[in-house]
Each structure stands twice: as structure tokens, then as C-alpha cells.
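Data first, discussion second: the structure below is written as C-alpha cells.
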Amino acid sequence: MAERSRVRSAETLLKRYQSIGRVPQRGGGPGRGPGRGPGGKPKNTKDSILRLLKYLERYKFYVLIAFICVLISTGSNLAGSYMLRPIINGLVENADLSQLALSLLMMGGIYLVGVVGNYVQQRIMIWVSQSVLKNIRDDLFRKLQKLPVRYYDTHNNGELMSRFMNDVDSIGEMMNHSVIQLFSGSITLIGTLVLMLSMNLWLTLITIVFVPVVAKVGATIAGRSRNFHRAQQAALGAVNGYIEESITGQKVVKVFCHEDICKEEFGILNQDLREKQIKAQFFGGLMGPVLGNLSQITYAITACVGGILCVTQGFDVGGFSVFINYSRQFSRPINEVSMQVNTIFSALAGAERVFAVMDEEPEPEDADDALPTTEMKGHVEMKNVSFGYNPDKVILKNISLYAKPGQEIAFVGSTGAGKTTVTNLLSRFYDIQEGEITIDGINIYDYKRKDLRSNIAMVLQDTHLFTGTVMENIRYGRLDATDEEIIAAAKSVSAHNFIVRLSDGYQTMIEGDGANLSQGQRQLLNIARAAISKAPILVLDEATSSVDTRTEKQIERGMDALMATRTTFVIAHRLSTVRNANAIMVLEHGVIIERGTHDELLTQKGRYYELYTGKAELD
Ligand SMILES: Nc1ncnc2c1ncn2[C@@H]1O[C@H](COP(=O)(O)OP(=O)(O)OP(=O)(O)O)[C@@H](O)[C@H]1O
Ligand SMILES: [Mg+2]
Numbered sequence: 008m009a010e011r012s013r014v015r016s017a018e019t020l021l022k023r024y025q026s027i028g029r030v031p032q033r034g035g036g037p038g039r040g041p042g043r044g045p046g047g048k049p050k051n052t053k054d055s056i057l058r059l060l061k062y063l064e065r066y067k068f069y070v071l072i073a074f075i076c077v078l079i080s081t082g083s084n085l086a087g088s089y090m091l092r093p094i095i096n097g098l099v100e101n102a103d104l105s106q107l108a109l110s111l112l113m114m115g116g117i118y119l120v121g122v123v124g125n126y127v128q129q130r131i132m133i134w135v136s137q138s139v140l141k142n143i144r145d146d147l148f149r150k151l152q153k154l155p156v157r158y159y160d161t162h163n164n165g166e167l168m169s170r171f172m173n174d175v176d177s178i179g180e181m182m183n184h185s186v187i188q189l190f191s192g193s194i195t196l197i198g199t200l201v202l203m204l205s206m207n208l209w210l211t212l213i214t215i216v217f218v219p220v221v222a223k224v225g226a227t228i229a230g231r232s233r234n235f236h237r238a239q240q241a242a243l244g245a246v247n248g249y250i251e252e253s254i255t256g257q258k259v260v261k262v263f264c265h266e267d268i269c270k271e272e273f274g275i276l277n278q279d280l281r282e283k284q285i286k287a288q289f290f291g292g293l294m295g296p297v298l299g300n301l302s303q304i305t306y307a308i309t310a311c312v313g314g315i316l317c318v319t320q321g322f323d324v325g326g327f328s329v330f331i332n333y334s335r336q337f338s339r340p341i342n343e344v345s346m347q348v349n350t351i352f353s354a355l356a357g358a359e360r361v362f363a364v365m366d367e368e369p370e371p372e373d374a375d376d377a378l379p380t381t382e383m384k385g386h387v388e389m390k391n392v393s394f395g396y397n398p399d400k401v402i403l404k405n406i407s408l409y410a411k412p413g414q415e416i417a418f419v420g421s422t423g424a425g426k427t428t429v430t431n432l433l434s435r436f437y438d439i440q441e442g443e444i445t446i447d448g449i450n451i452y453d454y455k456r457k458d459l460r461s462n463i464a465m466v467l468q469d470t471h472l473f474t475g476t477v478m479e480n481i482r483y484g485r486l487d488a489t490d491e492e493i494i495a496a497a498k499s500v501s502a503h504n505f506i507v508r509l510s511d512g513y514q515t516m517i518e519g520d521g522a523n524l525s526q527g528q529r530q531l532l533n534i535a536r537a538a539i540s541k542a543p544i545l546v547l548d549e550a551t552s553s554v555d556t557r558t559e560k561q562i563e564r565g566m567d568a569l570m571a572t573r574t575t576f577v578i579a580h581r582l583s584t585v586r587n588a589n590a591i592m593v594l595e596h597g598v599i600i601e602r603g604t605h606d607e608l609l610t611q612k613g614r615y616y617e618l619y620t621g622k623a624e625l626d
């Protein structure tokens, strides 16, 4: 019973997991995603439509052909039905068989043209819409490469994934079916109306009288089903989010024995999805039968009145048959269009979400007069730099330092002190608010971003490996590196020994961000990747935190030659790592509170001394 109370309430769960994709979160974290997320009503419909049309512009010729095909197939459908009139009249009047056969043949021919038109139209539209989707995905991916680090730090991975998958898909669905159906529906409607009017005014009026009723009922059902549909999507998002989270966090779930709670919580969300889906599907399925029955009523009334007209007014039987056929056709497009409303709404909402990513502020362009670099030497200077991720909350205060090639500068300090932040500023992942950072005497904002970053080799605190071989992963640091250079780099950082022991040595495939390696091995590959680069500035952020001290010593020795000509920034909690640094900066709450060599700092008996001797832990 005690355990039961730890299961969160249905209300809390729904609120948390339905909003998972919408709430901007810090840090991203492993892909927690919402599926499609609640697909609300689009807010800027006109804009989205215009932008979608822009994507279609390149294919306008094909779209035009597709529409002509729709015109042909809809026209032949109407004309084919009309052919019934002479056929039936001929039967009634006992016309000759050859005439009848000819009419039937013509009717078949007309329908055939319609079928071909329909086929061609579908082929073209599938091709066009898939091409448009490809272009949208290309643009979206290109945009992702341009977005600043800040964007990734404040958005959920799952949410971004869902733009690629669900939202783009829903646009495709709309282009494939809804647009064409809307167009062919409108033509059928107008064509049928004109033909009906030309045949009999009274009967036409009877048919039309029912149109507002059908439309009203259709709109009501569509409206309600849209609400249920939205609720269903939100519930689906919650279930997806929960599943994704429990898969990525499965080890933590097991370690803390949360399996039962997970099962129960999932049960709550799953049950909710079931209920929402029942409602959504029931209402979705209601539309067809209800509208079908309504049109049956119209049909019956038209048939009665038509029959009477035939008998009393001499209305021809063929015309009558064709007319009731038309009257049935007349309401069909209205039904179809109202059924497409959902798809169109959710596609437009999807398009809006996709375009919202495309409209995100990219990393600002390099200054027009940015210097085309030139290899940098590595004189790094920070002058009174202040910075906050959020301008209201300053994280780094008044940081000043100078480092020249061959020097090793270390940052130490407690968790959250701002060490990683300093490196974020150096590589311009974030822009500083005050002060100046220069490399070789030139403000880093006067360099092209690409040049700046290609002159800084970094081992990030979070290791990352791509799907590919060990060799390819190291080569990521410098694409023109030869195999021999890669092996030499791996040797220098003591990665060679473990690599050759892997099943395929340097050709071993890395799986899922290096799941088949130990954390320390992942770090070694990340260090090798930085070591292969010829960048004059090297940043190692907790690069050896998971490596044993002996290997760490070997790495240090191996990298000595490498560091002799470079400016190196090292961040480490393990203070033995930074003993040999030329200068050690002790950061505390974003301020450098002490600086000096290891020995100087020890004699100062300040914070560093406390950290080094372990006294700080006792505070
Ligand atoms: N992307 C971000 N957006 C907002 N705040 C952030 C972001 N990254 C870090 N912070 C905040 O900035 C402060 C400094 O973080 P930073 O990552 O620089 O610490 P650190 O010294 O590297 O710590 P650690 O030793 O744990 O790696 C922290 O208080 C943290 O909450
Ligand atoms: Mg850090």
C-alpha cells in the first residue's frame, strides 16, 4: 500500500507527459518525446498555406497537370453518369440494340478516361508531395545545423524529432489526399449542380434544401471529433513520452526497483489513451453513417418527387435516373470535404510547427569584415568577461586571463562554478555580454565562426561518438588524417592498446553512442579525436574523469609533445591532473578567486589548498 502512494495521480501524469514536448527544458536530455503532441488549431493558417505553396512552386507544372487530370476524371465521371440518360430512354423506347451498344461503349470509354486521369493524377501528386516533403526535411535539417547551442539547450530532443516525423508526415497526408479531394469535390459539386439545374429546377431545389442540413450536421460532428482527435493525440503523446523515458532510463528504473510503479503509471496513461481513442474513433466513424443516412433521405424524397414528375409531367425516365444519381453524388463531396477538415487542420498545425523551427533565430551571421583566417597561434586573452545564460542571472563575473602557446591553464572549482561555461564562450557557443575575448590579439567576434572553431580542439564534458568505426570516429577531428596518423594519435593518448583488443580493432563499429565501450574508453576516443586535430588551442573538459589514474598519467606523458606548441585549457575535479599546469584558476560562483601555480596556491593556503587537502569537504 505504501508503494501505491508513490504512483503519481492520473492528473499529474497527464499534465507532465502531455506537455513534455511543449515545455522548453534545459539540457535536452535523452530523447524524451511526445509523438505528435496535441495538434491544436493552426494559428497562422494563411502564412502556413502561403509557405507550403512556395514549396509547391517548383512543381507547379506537375501540379497543373494533376489538376487538369482531376478536371478530366471528375468531368468524365459526370459525363459518364449522364450517358445513362440516353441508354435508359433507349431501353424504354425500344431503340435498336446497336445504338444501345454504342452508347454503352461510349459510357465505358468516358469512364476509362476518368480512371486514367485519376491514375495519372495520383502518381503525380504522390511524386510531388514526396518531393516537397523531402525539400522540407532538407530545409529543416539544414536549419538544425545552423541553430545555436542555446536552442538545443532549451528544447527537448523528442519535440524536435516529432517535427521531423509526425508534423512533416501530416503535411504529406494533406497534400496527397485532402487537397485533391477538396478540388475534385468542388468541381463535382459545381458540375453536378449545373447539370441538375439544366435537367429539372424543382428537383434541384429539393436536393439543395438539404445541403445546409447536411453541412451543419457534418460541421458539428467534425468539430466534436476534432476535439476528441486532439485529446487522443495528446494522450498518445503522453504514452509515447512515458515509453521513451522508461526505455532510455531503464537502468535507473531497475536500480531503484521502480518497475511496478512504472507499470502502474503506464497503466494509467494507457487507460486514458484507450478512452480518448474510443471517443475519437467513435465520433470519427459517426460522420460517414450519419451523413450517409441524411443523403438517403434526400435521395428518397428526390426519388418520390421525381417519380411523380415522370408520371404527371412527362419527365423522361432516363433523365430521372440520372438525376437521382446526381443528387446522391451532390452530397458526397460535402461529406468528403467535412471529413478532410481534421486532416487539413492537423497538417496546417504541423506545418506551423515545422515553420516555427525554420524561423528560429540561427547563429548570427559572421561580420561582413570577418577576417579570413589564417592559422591562429593560440594567444588567448579574456578581459573582464561577464556572462549569464540568462542575461538577468550572471554566471561568470569579470573573468580575465591570458594564455600563450605551450602553456597549460587549468580551471578548478566546485560543481556548477562555471568552468564549462568558460569554454562555451571561447568557442562562441554563447556570446558574452561584457568584456572581450581575443585570440592572437583579435577579438573572437572578428573571426569567422568556422575558422575560430576549427582552431579549437575540444573534448567536451559529455562524450559523444557517432555510428561508424573507431577509425572514422577519431578521424572526425581531422578528415584528411591518414590511418597511420590516427594510430599515432591513439597511441599518444593511450587508446591504442584497448582499440587493438576490440573485436575488429580500428574497424570495430561503435554502437549507440559507444554503448559497447566503457565510459573511460569513450573518453579516450574523444581525446584521440581532439589529438588528431592540428588546432593550436586545446580544451579538455573533464576529459579523463573516468580514466584510471595510471592511464591518465600515460595520457599526460603522451600528450606532452602535443601540448608543447599549443595553448591548453584543462578542467578537472581530480586535482592531481592539473598539478603541472602553468596557471590554475580557482572558480567559485563564476569568479576567479585564486590563481597561480600548484605550489603557489598551496602556500597561499586558500580555497585550492582546501580542495587539495580535502579540507573543503569537511566544511
Ligand atoms: N545551458 C545552460 N543554460 C542555463 N544555465 C546553465 C546552462 N549551462 C549551465 N548553466 C548554469 O551555469 C552554471 C555553471 O555551469 P557550468 O556547466 O559552467 O558548471 P561547471 O563548473 O562546468 O560544473 P561541473 O563541474 O559540474 O561540470 C550552473 O549554475 C548551471 O546551472
Ligand atoms: Mg562542467
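So in the working numbering, the last one in the sequence shown is 626, and the numbering has no gaps at all. From the three backbone atoms N, C-alpha and C, an ideal C-beta is built for every residue, glycine too.
query                                                                                                                   : result
Gly291 beta carbon less than 8 Å from that of Ser232                                                                    : yes
Any non-hydrogen atom of ligand 2 closer than 7 Å to Thr470 Cβ                                                          : no
Integer Cβ distance of Thr575 from Glu415, believed to fall under 8 Å                                                   : 5 Å
Identity of the residue in Met478, Leu107, Gly420 and Asp469 nearest Tyr616 by Cα                                       : Gly420
CB contact flag (Arg58, Phe352, <8 Å)                                                                                   : no
Near ligand 1: Gly413 beta-carbon under 7 Å from a heavy atom                                                           : no
Proximity of Ala537 and Leu545 at Cβ, strictly below 8 Å                                                                : yes
Extent of the continuous alpha helix (DSSP H) run through Arg92                                                         : Leu91 to Val99
Supposed close pair Gly597, Ile439 - CB separation, criterion 8 Å                                                       : Not confirmed; about 13 Å, so no contact.
Integer Cβ distance of Arg222 from Ile341, believed to fall under 8 Å                                                   : The displayed chain sequence assigns Ala, not Arg, to residue 222. About 6 Å; that satisfies the 8 Å criterion.
Gly242 versus Leu21 - alpha carbon distance                                                                             : In the sequence on display, residue 242 carries Ala and not Gly. Distance between the alpha carbons of Ala242 and Leu21 is about 8 Å.
First and last residue of the uninterrupted beta strand (DSSP E) at Asp279                                              : Element bounds for Asp279: not the beta strand (DSSP E) but the alpha helix (DSSP H), Glu266 to Gln320.
Beta bridge counterpart(s) of Gly475 as assigned by DSSP                                                                : Ile517
Residues that DSSP places opposite Asn397 in a beta bridge                                                              : Lys400
Asp606 CB to nearest heavy atom of ligand 2 below 7 Å                                                                   : no
Opposing strand residues paired with Leu594 [DSSP bridges]                                                              : Gly420 and Ile599
Residues that DSSP places opposite Ile444 in a beta bridge                                                              : Met389
Option in Gln528, Ala495 and Ile95 with minimal Cα separation from Leu509                                               : Gln528
Three-pair Cβ contact test at 8 Å for the stretch 68–83 versus the stretch 321–329                                      : no
Cross-strand partners of Val466 (DSSP beta bridge)                                                                      : Leu547
From Gly87, Val186, Ser338 and Ala310, residue whose alpha carbon lies closest to that of Val122                        : Gly87
Residues of its chain near Leu167, where Cβ-Cβ distance is below 8 Å and the 5 sequence neighbours each way are ignored : Leu151 and Val364
Val135 versus Ile275 - alpha carbon distance                                                                            : 42 Å
Residues of its chain near Glu18, where Cβ-Cβ distance is below 6 Å and the 5 sequence neighbours each way are ignored  : none
C-alpha gap between Lys612 and Ala410, whole angstroms                                                                  : 24 Å
Segment contact, 8 Å Cβ cut-off, at least three pairs: the stretch 418–432 with the stretch 592–608                     : yes
Residues sharing a beta bridge with Ala410, DSSP                                                                        : Val387
Supposed close pair Gly225, Leu298 - CB separation, criterion 8 Å                                                       : 6 Å
Extent of the continuous beta strand (DSSP E) run through Val201                                                        : Counting along the chain, Val201 falls outside any beta strand (DSSP E), though it belongs to the alpha helix (DSSP H) covering Val186 to Met206.
The stretch 170–179 touching the stretch 104–123, judged by at least three CB pairs closer than 8 Å                     : no
Collapsed DSSP secondary structure at Thr575 in the structure displayed                                                 : strand
Residue from Leu210, Glu100, Arg614 and Arg281 whose Cα sits closest to the Cα of Ala245                                : Arg281
Beta-carbon spacing of Asn391, Ser407 below 8 Å                                                                         : yes
Proximity below 8 Å, CB of Arg542 to CB of Asp453                                                                       : Position check: residue 542 holds Ala in this sequence, whereas Arg was assumed. In this structure, Asp453 does not lie closer than 8 Å to Ala542 by Cβ.
Any 3 or more C-beta pairs closer than 8 Å across the stretch 546–553 and the stretch 459–471                           : yes
Close beta carbons around Arg460, own chain, < 8 Å, minus the five adjacent residues each side                          : Ser434 and Arg435
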